[in-house]
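Scroll down for the structure; my scribbles are underneath it.
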């Protein structure tokens, strides 16, 4: 009886033995494979998150520049044409002065132009000049009412008292974290949504303006921008905006 109990106890102990060395090594190997996979997934997620963060930053900086240019360009051509107690519409001299102001303030100039779209026409321009009646005196007699935007190297600049020939004082508005691409920034008058009408009695002539005609110009400006992050040129973005000028230009065709 005692021997039988002893044999049962020995059998129970043998069945409760641990893992063999081979089993232990297999378990460790499987665990390392799972751990390596988890580390790879986490690394990829972290890198993807960093790329997304950089792309968002680039787009945000570019959008801020485009929004600023949109707001400014929509002021182009504004004139405080009617001066209370001063302007007399029955006076031809007053009318002529107002028309002259609308003409001069409404002029848009483009400079440093090139062919960006391959149509052999150099009508995409790195600089735009415009003006508006900042002091609301109805007269364009102050260099401080001349404004512009341009690309200068890898940055976008704005200026007051400037022209596209390089005159005036310019300063950067784009962030140093953003590098504007060569030939990647331009202004263009949209040929599909800009038109010059001849003003005639009783209406307008949509055919266009000839020499000596009194005309009305309605314009839309295309603004395009390609840029990369200065710290990582693999992060790129391309934005495009269309700005409908609120103030039409009234002028006489030379």
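In the numbering used here, the protein residues as written are 21 to 274. Using N, Cα and C, we set each Cβ at its ideal position, and we do this for glycine too.
Annotated three-state conformation of residue 156 is coil, per DSSP. In the three-state DSSP reduction, residue 236 falls in the strand class (E or B).
Distances from the alpha-carbon of residue 257 to those of 245, 264, 263 put 245 closest. Residue 83 sits away from residue 255, with the two beta carbons spaced by 8 Å or more.
Within the same chain, 243, 261, 263 come within 8 Å of residue 90 by CB-CB distance, once the 5 residues on both sides are set aside.
With 16 or more neighbouring CB atoms inside 10 Å of its own CB, residue 144 falls in the buried class.
Beta-bridge partners assigned by DSSP to residue 82: none are found. Distances from the CA of residue 209 to each of 142, 119, 98, 121 were compared; the closest alpha carbon is that of 142. Of the residues 253, 79, 51, 119, the one whose Cα lies closest to the Cα of residue 158 is 119. Take residue 121, set aside five residues on each side of it, and the residues of its chain with a beta-carbon closer than 6 Å to its own are 99, 158, in chain order.
In the structure shown, residue 192 falls within a strand segment according to DSSP collapsed to helix, strand and coil. In the DSSP assignment, residue 176 falls within the beta strand (DSSP E) that extends over 175 to 180. In this structure residue 80 is exposed. Its beta-carbon is surrounded by fewer than 16 other beta-carbon atoms within 10 angstroms.
Contact annotation: residue 93 and residue 247 have beta-carbon atoms that are not nearer than 8 Å. Here residue 192 is not near residue 250, since their CB atoms are 8 Å or more apart. Between residue 233 and the set 271, 132, 207, 187, the nearest pair of CA atoms involves 271.
Cα atoms of residue 125 and residue 139: separation of roughly 31 Å, rounded to the nearest angstrom. Excluding residues up to 5 positions away in sequence, 144 lie with their Cβ nearer than 8 Å to the Cβ of residue 137 in the same chain.
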